[in-house]
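Visitor: For the sequence shown, numbering that gives the first Met the number 0 assigns the number 0 to the initial residue and increments by one for each residue that follows.
Next up is a structure, given as structure tokens.
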Amino acid sequence: MERTNQLARVDQSESPRLSWMLISLFVGGVAFIACSHLSRFHDSLFGEIIRDLGIALCISVVIALIIELSLSRHTFLRGLDAIMQRTVPPDVWEEFRQHVITQPMMRENWSLKMSLGQSKDGLCVSDTAVKYTIVGLQDALRTHVRHELDSHRTPPGAATRYSRAKIGKDEYVGAAALAGANVLSNGGLTLQLPVKLERHDQTVPVELEFIETVDCPDIIIWWMGRVTRNVTLKIEQLPSSWSVDVQTYHPAPHLLVPTGNDNEWSFTGVMLPGQGVEIRIKTTC
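Structure follows, in structure tokens:
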């Protein structure tokens with residue numbers, strides 16, 4: 000711990016000095032570039048030399064800033080590692096760091112709406128809609144948003160479970176559009192949408208709709224595969240003899256509360272990967 004504190008003190012004492020040095024170099028570079036455009040130096044060898052020197056100084060400042068930011072992040076993570084390894088078992092901290100802290104993106108305002116109805120075969124089928132927003136946690140991110148459906152909830156004769164998917168401005172409506180976009184696999188149970196984030200904190204909205212069979216009694220569990228902030232669930236059009244309850248797999252279950260609307264709950268807080276919500280459907284008889 001003392002080593003970590005010493006590193007922090009060194010960084011705090013050196014940071015202002017380094018900042019003023021970089022500012023001075025940048026101002027000097029700009030001054031050289033400005034001088035090269037004066038009439039007395041214009042189109043002369045000396046003017047070209049001081050212009051090139053000014054450009055070199057400005058570029059060196061940009062490179063130094065990039066290196067400084069990288070070193071600062073490295074120092075912070077090293078200090079955090081030293082603290083956490085004294086607080087929790089090393090293998091526990093390593094799992095948390097790998098699967099939570101270093102994730103390239105998170106989700107916020109995750110919402111689920113299930114609208115239950117009767118199918119021609121007398122089964123209860125839900126039209127389910129999921130919406131959330133991706134938030135980038137690093138720059139220049141290229142990855143996929145992936146969702147998988149339970150095969151045992153496929154309605155008889157259903158050609159595809161997904162009816163709509165949207166990520167950013169790209170929207171696919173209907174089985175033909177989804178198949179043409181080549182975003183479905185595993186017999187139509189897996190949906191993979193490409194996502195591209197240019198910078199940290201950039202957001203992209205995601206929406207998907209699908210159908211599934213629901214029994215009574217039944218339990219439907221939604222696990223959060225990524226860090227997710229704020230969750231809302233809404234169950235609509237329940238048969239008169241059915242009721243529904245929602246619980247959460249989270250150390251603070253009191254964060255999940257009814258909103259005041261019928262069969263609607265909200266969770267205000269953060270769910271980590273492996274945490275989630277459980278929807279319990281049962282009869283009222």
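Beta carbons: idealized from backbone N, C-alpha and C, even for Gly.
Residues in its own chain within less than 6 Å of residue 145 by CB, not counting five upstream and five downstream?
Guide: Position 146 of the sequence shown, counting from 1, holds the residue named residue 145. Result list for residue 145: 191, in chain order.
Visitor: On the three-state DSSP scale, how would you describe residue 6?
Guide: Within the sequence shown, residue 6 is the residue found at index 7, counting from 1. Residue placement at residue 6 is flagged as unreliable, the pLDDT there being 37, under the threshold of 50; a coordinate-derived value is accordingly withheld.
Visitor: Note down, in chain order, each residue of its chain lying with its Cβ closer than 6 Å to the Cβ of residue 228, except the 5 sequence neighbours on either side.
Guide: To locate residue 228, count along the sequence shown from 1; it is residue 229. Hits under 6 Å: 107, 269.
Visitor: Exposed or buried, what is residue 247 when buried is set at 16 or more other beta-carbons lying within 10 Å of its beta-carbon?
Guide: Your numbering for residue 247 matches position 248 in the sequence shown. Its Cβ being crowded by 16 or more others within 10 Å, residue 247 is buried.
Visitor: Which of the three DSSP states is assigned to residue 177 in this structure?
Guide: One-based indexing of the sequence shown puts residue 177 at position 178. Of the three classes helix, strand and coil, the one that applies to residue 177 here is helix, per DSSP.
Visitor: Given this structure, state the Cα-to-Cα distance separating residue 195 from residue 135, to the nearest angstrom.
Guide: Working through the sequence shown from its first residue, we reach residue 195 at position 196. Working through the sequence shown from its first residue, we reach residue 135 at position 136. Taking the straight line joining both Cα atoms gives about 9 Å.
Visitor: Select from 133, 113, 128, 20 the residue whose C-alpha is nearest the C-alpha of residue 104.
Guide: For this step, residue 104 is matched to residue 105 along the sequence shown. Considering only alpha carbons, the answer is 133.
Visitor: Mind checking which residues open and close the beta strand (DSSP E) that includes residue 226?
Guide: Locating residue 226 in the sequence shown gives position 227, where the first residue counts as 1. Segment: none, residue 226 is in no beta strand (DSSP E) and carries neither H nor E.
Visitor: Evaluate the contact criterion for the stretch 257 to 265 versus the stretch 209 to 220: three or more CB pairs, one atom per stretch, below 8 Å.
Guide: The stretch 257 to 265 makes no contact with the stretch 209 to 220: fewer than 3 CB pairs, one atom from each, lie closer than 8 Å.
Visitor: Taking only the alpha-carbon atoms, compute the straight-line gap between residue 278 and residue 22 and give it to the nearest angstrom.
Guide: Counted from its first residue, the sequence shown places residue 278 at position 279. Counted from its first residue, the sequence shown places residue 22 at position 23. Roughly 57 Å separates the two Cα atoms.
Visitor: Just to confirm my understanding: we take residue 236, look at its own chain, exclude 5 residues before and 5 after, and list those with CB closer than 7 Å. What are they?
Guide: The sequence position of residue 236 within the sequence shown is 237, counting from 1. 114, 115, 116, listed in sequence order.
Visitor: According to the neighbour-count rule (16 or more other Cβ atoms, all chains shown, within 10 Å of its Cβ), is residue 127 buried or exposed?
Guide: The residue labelled residue 127 in the question sits at position 128 within the sequence shown. By the 10 Å Cβ count, residue 127 comes out buried.
Visitor: By Cβ distance below 7 Å, which residues in the same chain neighbour residue 273 in space, the five residues on each side in sequence not counted?
Guide: By one-based count along the sequence shown, residue 273 stands at place 274. Closer than 7 Å at the Cβ level, and outside the excluded window around residue 273, lie 222.
Visitor: Assign residue 164 to buried or exposed, taking buried as 16 or more other Cβ atoms, counted over all protein chains shown, within 10 Å of its Cβ.
Guide: Here residue 164 is taken as the residue at index 165 of the sequence shown, counted from 1. The residue in question, residue 164, is buried, as its Cβ has 16 or more Cβ neighbours within 10 Å.
Visitor: For residue 143, count neighbouring C-beta atoms within 10 Å of its own C-beta (all shown protein chains included) and say buried if the count is 16 or more, exposed if not.
Guide: Translated into positions along the sequence shown, residue 143 becomes position 144. So residue 143 counts as exposed.
Visitor: Relative to the C-alpha of residue 186, which residue among 147, 282, 198 is closest?
Guide: Working through the sequence shown from its first residue, we reach residue 186 at position 187. It is 147.
Visitor: Residues in the same chain with beta-carbon distance under 8 Å from residue 199, minus the five sequence neighbours each way, listed in chain order, please.
Guide: Position 200 of the sequence shown, counted from the first residue, corresponds to residue 199. Result list for residue 199: 135, 136, 137, 138, in chain order.
Visitor: When the Cα of residue 262 is compared with those of 234, 239, 241, which residue comes out closest?
Guide: Your numbering for residue 262 matches position 263 in the sequence shown. When only C-alpha atoms are compared, the closest one is 234.
Visitor: With distances taken between CB atoms, is the gap from residue 122 to residue 154 smaller than 9 Å?
Guide: Residue mapping note: residue 122 aligns to position 123 of the sequence shown, counting from 1. Residue mapping note: residue 154 aligns to position 155 of the sequence shown, counting from 1. Taking 9 Å as the Cβ cut-off, residue 122 and residue 154 qualify as a contacting pair.
Visitor: What runs of the beta strand (DSSP E), each 3 residues or longer, lie entirely inside the stretch 141 to 220?
Guide: 161 to 166, 169 to 172, 189 to 196, 202 to 213
Visitor: Residue 249: buried (16+ other C-beta within 10 angstroms of its C-beta) or exposed?
Guide: In the sequence shown, residue 249 corresponds to position 250, counting from 1. Per the 10 Å Cβ criterion, buried.
Visitor: Residue 280 and residue 220 - do their beta-carbons sit closer together than 9 Å?
Guide: By 1-based counting over the sequence shown, the position of residue 220 is 221. By 1-based counting over the sequence shown, the position of residue 280 is 281. Against a cut-off of 9 Å, the Cβ pair of residue 280 and residue 220 comes out as no contact.
Visitor: Between the alpha carbons of residue 240 and residue 205, how many angstroms are there, rounded?
Guide: As a working note, residue 240 is residue 241 in the sequence shown. As a working note, residue 205 is residue 206 in the sequence shown. Distance between the alpha carbons of residue 240 and residue 205 is about 34 Å.
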